[in-house]
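Numbering (full-length UniProt numbering), first residue to last: 1 to 467.
Each residue gets a CB set at the ideal place from its N, CA and C atoms; glycine is no exception.
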């Protein structure tokens with residue numbers, strides 16, 4: 001049931017952590033339900049995978065990777081096993097070592113026990129040569145300890161030697177350090193060493209790129225691949241023929257010729273199948289599903305796709321692409337801006353909203369100030385009827401609307417039909433030679449008033465001054 005759940009979840013990278021005796025059984029069940037294909041990868045944590053017969057799985061193309069503490073092909077290991085066998089035979093005992101691929105193999109537990117005994121013997125010998133060791137009988141029921149125990153432990157920490165598990169070395173806490181694990185992978189020739197791992201430099205792959213390519217070519221020999229594509233001229237088209245064509249012969253085009261030449265070079269067979277929906281492959285963000293050729297690849301109904309398929313970021317997250325056979329030359333796409341009809345308030349665009357608010361506030365403030373000053377000064381209340389020297393009431397031209405009109409006229413530099421007359425001293429004869437001018441002139445316009453204010457603030461003076 002567990003393997004079926006893993007298969008239904010579409011997970012293809014599996015870490016198998018179980019006892020060595022159950023590895024073959026688990027892999028056999030996985031093979032029966034179709035989980036030992038080219039799309040599945042297994043990382044086995046057992047250090048004794050090399051002791052199991054994996055002949056049934058080495059031609060399936062499944063990526064099976066494991067770690068190994070003992071290298072059975074190491075001459076030192078082979079010599080130690082040979083001496084061990086002879087030594088036990090002299091005592092009338094028989095040691096039954098397993099054989100895999102014509103090589104005698106030994107379990108990691110056995111090799112560690114062998115190295116532990118030799119390390120203990122070497123440390124005890126070094127301790128005996130450095131000081132006199134007295135052996136006194138000890139009882140398990142008392143709390144008495146052997147006086148040389150701590151010295152022996154310290155010697156075991158500093159001793160370095162080579163054993164069946166390579167270099168044996170410990171740190172100050174008594175943990176093994178600088179040990180090396182072989183990385184092995186299952187291929188058509190069986191388990192082969194592809195790299196090493198150690199606690200200082202990490203993973204180091206020793207298999208060359210040429211060896212990897214050679215193994216891939218060997219796996220592809222006479223293998224039939226399912227190729228998905230869509231009808232898109234001139235890459236894939238149906239061939240015009242008076243006879244009914246079937247199989248690969250019913251298609252023609254650049255993509256068909258390309259996959260045909262690749263198959264001849266690598267030696268594999270192929271079957272072309274059109275994508276059921278005729279789409280390239282797009283991602284539905286709401287459902288999280290793909291369609292088109294990408295869906296065929298993800299659901300493993302096809303091994304590869306060949307078409308004028310654009311490489312996008314989303315597609316690269318789920319499938320691998322080869323080097324493109326054609327570049328469009330388009331690096332950035334953006335939508336051409338559409339000219340919008342002018343807005344009713346387009347004239348406000350040159351200035352920001354804050355500036356317009358400040359100007360409107362200043363305009364209203366000046367208008368209200370003119371209205372108040374016109375109410376205070378007696379010079380803005382003339383006689384409405386010049387023929388009546390003693391009228392019952394006076395009137396002023398500077399109503400609130402007229403004040404606003406005067407302020408906007410001054411701001412736009414367009415003038416106005418009436419001018420303020422708050423004081424008679426600011427109105428001068430523009431032509432001194434004319435004793436009876438038709439009109440008077442006031443130098444304190446709105447701009448001159450602002451200039452006088454700025455000059456007074458900066459203490460720079462001004463050409464005009466109020467009287």
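Buried/exposed call for residue i, threshold 16 Cβ in 10 Å
i	result
residue 238	exposed
residue 296	buried
residue 272	buried
residue 142	exposed
residue 249	exposed
residue 290	buried
residue 380	buried
residue 229	buried
residue 384	exposed
residue 360	exposed
residue 320	exposed
residue 135	exposed
residue 335	exposed
residue 200	exposed
residue 156	buried
residue 77	buried
residue 399	exposed
residue 278	exposed
residue 292	buried
residue 301	exposed
residue 454	exposed
residue 325	exposed
residue 353	exposed
Cα-Cα separation between residue i and residue j, rounded to whole angstroms
i	j	result
residue 365	residue 341	35 Å
residue 408	residue 363	7 Å
residue 307	residue 221	24 Å
residue 6	residue 69	29 Å
residue 53	residue 176	30 Å
residue 349	residue 415	26 Å
residue 86	residue 30	41 Å
residue 150	residue 81	32 Å
residue 269	residue 159	59 Å
residue 223	residue 303	11 Å
residue 259	residue 265	10 Å
residue 173	residue 154	10 Å
residue 116	residue 202	25 Å
residue 190	residue 55	7 Å
residue 305	residue 75	48 Å
residue 461	residue 395	38 Å
residue 39	residue 261	24 Å
residue 372	residue 346	35 Å
residue 169	residue 111	15 Å
residue 14	residue 33	15 Å
residue 146	residue 210	59 Å
residue 129	residue 122	11 Å
Residue i, DSSP secondary structure in three states
i	result
residue 193	strand
residue 387	coil
residue 42	strand
residue 161	strand
residue 126	helix
residue 376	helix
residue 289	strand
residue 514	Within the shown structure, residues of the chain are numbered from 1 to 467, placing residue 514 beyond reach of any answer.
residue 270	strand
residue 90	helix
residue 145	coil
residue 168	strand
residue 187	strand
residue 176	strand
residue 279	coil
residue 284	strand
residue 13	strand
residue 68	strand
Beta-carbon proximity check, residue i vs residue j, cutoff 8 Å
i	j	result
residue 404	residue 367	yes
residue 164	residue 67	no
residue 133	residue 148	yes
residue 195	residue 179	no
residue 406	residue 447	no
residue 23	residue 49	yes
residue 138	residue 144	yes
residue 64	residue 215	no
residue 253	residue 235	yes
residue 12	residue 41	yes
residue 60	residue 46	no
residue 94	residue 51	no
Any non-hydrogen atom of the ligand ATP closer than 7 Å to residue i Cβ
i	result
residue 184	Ligands displayed in this structure: none; no statement on the ligand ATP is therefore possible.
Problem - 3-residue-minimum beta strand (DSSP E) runs that sit fully inside the segment 304-337, ordered along the chain - result: none
Problem - Length at least 4, wholly inside the segment 193-258: the alpha helix (DSSP H) runs in chain order - result: 209-220
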